[in-house]
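Scroll down for the structure; my scribbles are underneath it.
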Amino acid sequence: MTENERYPIEKVINDIETGTKRVELSGIDRGSMALFVAELKSRLSTPIIAITPLESDARRLLRDIVFSAGSNVSVGHIPRVDASPYGHLSPDRQSVMGLLAALTSMAWESWQDVIVTSAVALTRRVMPSDVLLDHSYLIDAGQELNRSGCLRALADSGYRAVSVVEDRGTFAIRGGIIDIFPPTGSAPVRLELWGDEVESIRYFDPVTQRTTEAAPDQLILPPVREELLIDASKKRARQGILDAAAEVGMPTRKVQAMLDDLSNGIPFMGIEAFRPAFYSETTAVADYLPENAILVHLDPMAASEAVSNQWDEFSRGREGALADGRLSLPADAHILNPNELKARLDIRVQLRCHTLQIVDELGAVEGPDDAIKFEIPRNTELTNALARARGERTPLKPLAIWVRQQTENGVRTIIPCRQETQLDRLERLLKNFGIPVSRSSADEMNLYSPPRPDQVGAVLMRGDLSDGFHLPSRGIAVVTENEIFGRRAPKRKAPARESGNPFIRDFKELKEDDLVVHADHGIGRYVGLKKLSMGAFENDFLVVEFAGNDKLYLPVYKLGRLQKYSGSSQANPKVDKLGGTAWQKVRAKARQAAEEDALAMLDLYAKRELAVGYSFSPPDDFFRTFEATFPFEETPDQLQCIEEVVADMVSPRPMDRLLCGDVGFGKTEVALRATMKAVLDGKQVCILVPTTVLALQHFKTFSDRLADYAIDVRLFSRLVPSKQAKINLQDLSDAKVDVAVGTHLLLGKTAQFSDLGLLILDEEHRFGVKHKERLKALRAQVDVLAMTATPIPRTLQMSLSGIRDLSVITTPPVDRLSVKTYVCRATDDVARDAIIRELSRGGQVFFVHNRVQSIENRAAWLSSLVPEARIVVGHGQMEPSRLENVMLDFTEGRFNVLVATTIIESGIDIPTANTILVDQADRFGLAQLYQLRGRVGRSRERGYCYLLVAGQAALDKDARARLAVIQKFTELGSGFHVASHDLELRGAGELLGTRQKGHVQAVGLETYTQLLDDAVRQLRGQPQPVHVDPDINLQINARIPDDYVPETSVRLMLYKRLANANDEDRVVQIAEEMVDRFGSPPQMFENLIDVMRIRTLARKLLMTTVDHGPRQMTFTFHPDTPVGPEIIFGLIGQPTSQWRVPADFRLVYLLSGEERKNSIQSLRICLQVLAELATEPKAKERTEQ
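Throughout the sequence shown, residue numbering follows my numbering, covering 37 to 1221 in sequence.
Shown next, in the form of structure tokens:
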């Protein structure tokens, strides 16, 4: 069979060019579809629309085409907005903005080469293109901008005004700077104005807020919500709501709150259900498609079924709404029916790729009678061979043989991997088999281009493809990561990591009446940021109120002495008296505790350093192959933790490492790598957990992950029948058990290991005193890896660096960031629809109700709503054994809805439970909501979190703010600012002990961390740092003006960052960033930067005061200053010296007439001269003597 017969793309192109409207194809499946579309586009000039049945298919195909086409083809996506208008749920905001961005591109006829979408997405009725264009705002570099008109247009189009732009659909204005994050871009843009002229348009990083590169000269700002709250639209929507109310006989008074919000331009809860009523007419997404586009359908029969199912679902929703007397619009107001969609698609050229293949007895592929048949073999034989070899010592040998055969036949084998670490592993493993390996990228090649002479053997590329295939006639074979190592989770966008000191971040969240801690005066209450006049000069002061209404006015340059109080929310500390002795006593007790703590840890560390244990062998190829089978992408934190653990095991001293990270952050995989390393060396592994439920979870996880490697994993808990339990114990002592997973039963005398090499402890703090003593004895004999789900504060980790082996995973895995979060009314419909939706996909549901007194009634309510659900109740007031049985039954799937209190907040990991409803969510704190939402969304299934409230009117201001934050950060890594002080204090308590936790609460986390750091330094014989914060008096206006940075919270954070800067370079960096963010600075801001630069120099010289008068500058010093007597005498002893030392031993510099003209510059020069003299070796030696 010739190449054209196996891959007849020429015939397809010929049919298109000769005017055939509908071409049937068979033999193209999900793996080769991307190659076909990419090559088709390279041969044709018209746009191509690739249409899949469902949104999940579209996202997968989008990823495949991006990889297959390389950089030669631009690829776009029209997402489906996944929310029924009859379910009382607001659609995902990011999906809506993604849809509007795609529609905008098509309305402006600036579409990509290939657009990927789903059939169901094309049915959605949306605003007509003329309305979209009318409400898209254009800004060109160099144009005169009507500032008020621009801001009004942004507000009308749904953009939200914020102080700092971090998310799509927001904007901020600061003097001559306007920041906007349009839905069409991957990064926000910064407009810099000169008067009213747009001087520049630049992209900036939403995390650092620094500009990165120039943006195109034209900026298109489409709407970011579909319901335009302008007068004409509001009038039409009002009538639509009244008509819907009349249809079900609902009096106007019942919808008056809705109408009032609408009149005031407030998007009320559930406004999206009336989206079509905002327009005089609607159009469909399908109408936006280019008229000359070629439509390529993947599995058109499944697509037709998906569209019909959606129509039936909407029709049932409409009927249910009418029957229940709920407001709604007809189904055909929201979507096209199947026939309407078909009519719109039939006017365009369609290529229909049928994925169902029927093979006759002669091996011919059958499809529709008139189908053009493609023959693209899958890698089935190779995949089966790799699966059989997965547990052997050379699991990649079948791949090496296959690649060698392909090379001999003149075929290049392309292997895409999602991450660089996987490429490195694979390159090393293949080279060990003597396979030629080269690297390439999407910029250098695509799948349909002919191979280069150097591309023989295996060609490794960074990318992703759903399924592999091989086309020998075209010299190409593609083997995917999934086929080599087993099914892996899809790669998603990596989370952005928030950098910087968390205590600085806290200042951005500081509100009036919050508690703060002053290093010298103790706990007070923040009153506000005030401008005070000191003579002719006006500066900012932070006002702190202490006991007896005494107030401290703290200059902003001294904010380094202040921290936001980071004690538990349950703690209610007393406010200290200004000038009193209570604070000093509390601080002294905390210092003593820190010293005891540091001494105990240093003593333990020294003993471990002297101990000699088993030294495991370095990782080999088999271990690297096992690593490559991890079904997810490792986070950078995870990779570092794995390296640290393996290095400890290879080291001759016994490992005693604490691994910290939230549930689902990837600790178990670190433990699995350690387990494999131990088993490969012939050692036994003990995995010890505090509860039966956790034991069962770990047993399943380790059994599944190690199933291909002939490793014997056994469970030791009360769940194991007594006969089997005896066999397990005997096998354990006979070395037949490789990995023992269990509860405290493994600590009993009956559990005797033959050759234990690794002990893994999960949540050690939950074990009893007796068990901890046994664990202490084991620690001296074997390597120990302890794991905790409680976060450890980063600053505390740094203080303990070198005396406590800590590994910390702070980055959430990318696949945990996709939990869709809805804030909605707690109605029967919402609860029923959410539960049925999860149960219909075979999942389980958490329902959190945090009142034991009424939890049974709430469970009965759910049972009446969803009679088919199997509901069980669990709460902390149950007998422990009964509660454990409840959790076990739910874990095992005997129940599919768990109604519980916040006992599920941590420690539960059930991959099949992917929907959580939080009742009375407005009563929970941010940290609790964060933890609760983290229980779902850990598998490949989408997670859903419903925050149920009584309604907007019942929410207070703080509750609204909390719910807005938790809903906003559905991707936790993209700037998640939830303050988790309770969690961090819990972590500090676990690491340091219960008594120390009390001291942490008494003085605040930052203060205790500093005391601990000082104690560690002292015990190690390192020089103790002297903390001096000089008083600076320069007789100038030095502050950040309100009109330069309007938001008080932002000014506070900037002041705190400047106050925490340790050197001049850091001050200058912050200043440059502020100019970048806020525009040309006023003089008083530049004065502030001068003050901060002078302060950093003065601190290094241990000056206690810097006083700048009209004719002289005066300095006083701490006794430990490096500016010794020799330096001072050397200065004043020079002829014509301007330095003086009065009787009170201050150092004075007399300003000359010329120096008075730029006295600040002169002051900085004086300090620099002193710093240079103090750092000269001889001067330093003399000073020390």
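All residues carry an ideal CB built from backbone N, CA and C; glycine is no exception.
Here the structure is a predicted model, which means the values were calculated and not measured.
*Euclidean distance between Cα positions of P688 and A707*: Roughly 19 Å separates the two Cα atoms.
*Could you spell out where the beta strand (DSSP E) holding M570 opens and where it closes?*
DSSP places M570 in the uninterrupted beta strand (DSSP E) bounded by G558 to M570.
_Suppose you measure from the CA of I45 to the CA of E411; what does that come to, to the nearest Å?_
Separation of I45 and E411 (C-alpha to C-alpha, rounded to the nearest whole angstrom) is 11 Å.
*Run the CB neighbour count on Y1185, radius 10 Å, all protein chains shown included, and call it buried at 16 or more, exposed below.*
Buried.
*What did DSSP end up calling K925 once you bin it into helix, strand or coil?*
The amino acid occupying residue 925 in the given sequence is Asp; Lys does not appear at that position. Helix at D925.
*Can you give me the Cβ contacts of A867 inside the same chain, cut-off strictly under 7 Å, excluding the 5 residues immediately before and after it?*
Excluding sequence positions up to five before and after A867, its CB lies within less than 7 Å of the CB of L898, L901 and L953, all in the same chain and listed in chain order.
*Three-state secondary structure (DSSP) at T244?*
Coil at T244, not helix or strand.
*Distance, E874 Cα to G123 Cα*: In a straight line, the C-alpha of G123 is about 14 Å away from that of E874.
*Using 8 Å as the Cβ pair cut-off and three pairs as the minimum, do the region 252 to 260 and the region 285 to 305 touch?*
In short, these stretches do not touch, since the Cβ pair count stays below three.
*What is the residue span of the beta strand (DSSP E) that R498 lies within?*
A494 to R498 is the extent of the beta strand (DSSP E) around R498.
_Helix, strand or coil at L363 [DSSP, three-state]_ = If DSSP states are grouped into helix, strand and coil, L363 belongs with coil.
*asked:* Using a Cβ-Cβ cutoff of less than 8 Å, which residues in the same chain neighbour A905 once the five nearest sequence positions on both sides are dropped?
replied: Result list for A905: I871, L875, V881, L898, S899, N932 and V933, in chain order.
*Within 8 Å, strictly: CB atoms of Y589 and L568*: Cβ distance < 8 Å, so Y589 and L568 count as in contact.
*Extent of the continuous beta strand (DSSP E) run through K1136*: It is not in any beta strand (DSSP E) - K1136 instead sits in the alpha helix (DSSP H) that spans Q1119 to K1136.
_Contiguous beta strand (DSSP E) assignments of at least 3 residues, all confined to the region 145 to 225_ = Listed in chain order, the beta strand (DSSP E) elements of length 3 or more contained wholly in the region 145 to 225 are 150 to 154, 173 to 176, 206 to 210 and 213 to 216.
*By the 10 Å Cβ neighbour count, where 16 or more other Cβ atoms means buried, how is R290 classified, buried or exposed?*
Per the sequence shown, residue 290 should be read as Lys rather than Arg. K290 is exposed by the Cβ-count criterion.
*Who are D819's beta bridge partners in DSSP?*
L794, per the DSSP bridge assignment.
*Where do the N-terminal and C-terminal ends of the beta strand (DSSP E) with A436 fall, by residue?*
Premise fails: A436 lies in the alpha helix (DSSP H), K433 to E444, not in any beta strand (DSSP E).
*How many whole angstroms separate the CB atoms of V729 and M481, which I take to be in contact at a CB cut-off of 8 Å?*
The C-beta separation of V729 from M481 comes to about 50 Å, leaving the pair out of contact by the 8 Å criterion.
*Within the chosen definition, does the region 263 to 273 reach the region 227 to 244 through at least 3 CB pairs nearer than 8 Å?*
Using a C-beta cut-off of 8 Å, the region 263 to 273 makes no contact with the region 227 to 244, since fewer than three inter-stretch Cβ pairs fall below that distance.
*Return the CA-CA distance between R627 and L578, expressed in angstroms with no decimal places.*
Looking at the backbone, the Cα of R627 and that of L578 are separated by about 27 Å.
*Rounded C-alpha distance that separates R660 from K713*: It is roughly 10 Å from the alpha-carbon of R660 to the alpha-carbon of K713.
*asked:* Is the beta carbon of A825 closer than 8 Å to that of V777?
replied: Note that the C-beta distance between V777 and A825 is not below 8 Å.
*Should M1089 go down as buried or exposed, given a rule of 16 or more other Cβ atoms within 10 Å for buried?*
Buried is the call here.
*Closest by CA to V200, which one among R226, A177, K433 and R183?*
Comparing Cα positions, the closest option is R226.
_Rounded to whole angstroms, what is the Cα-Cα separation between I26 and E417?_
Because the chain spans 37 through 1221 in this model, residue 26 falls outside it and cannot be assessed.
*asked:* Tell me the DSSP secondary structure of H1063 in three-state form.
replied: DSSP places H1063 outside both helix and strand once states are collapsed to three, so it counts as coil.
*Check the DSSP bridge columns for I87 and list the partner residues they point to.*
I87 pairs with T153 and H333.
_Three Cβ pairs or more, each shorter than 8 Å: is that satisfied between the region 119 to 135 and the region 170 to 182?_
Taking a contact to require three or more Cβ pairs closer than 8 Å, the region 119 to 135 and the region 170 to 182 do not qualify as touching.
*Does the region 755 to 765 touch the region 955 to 972, meaning 3 or more C-beta pairs lie closer than 8 Å?*
Touching, no, given that fewer than three Cβ pairs across the two stretches are closer than 8 Å.
*asked:* Classify K271: buried if its beta carbon has 16 or more other beta carbons within 10 angstroms, exposed otherwise.
replied: By the 10 Å Cβ count, K271 comes out exposed.
*asked:* Taking a contact to mean a Cβ-Cβ separation below 8 Å, would you say D656 touches R815 in this structure?
replied: Contact: no.
*At which residues does the alpha helix (DSSP H) containing A776 begin and terminate?*
Boundaries around A776 are those of the beta strand (DSSP E), V775 to G778, since no alpha helix (DSSP H) includes it.
*Could you check the C-alpha separation between Q386 and T88 for me, to the nearest Å?*
When rounded, the distance between both Cα atoms is 13 Å.
*Taking all protein chains shown into account, decide if L646 is buried (16 or more other Cβ within 10 angstroms of its Cβ) or exposed.*
Result: exposed.
*What does a CB cutoff of less than 6 Å around T1150 pick up in its chain, not counting 5 residues either side in sequence?*
So the list reads D1143, R1182 and V1184, once near-sequence residues are dropped.
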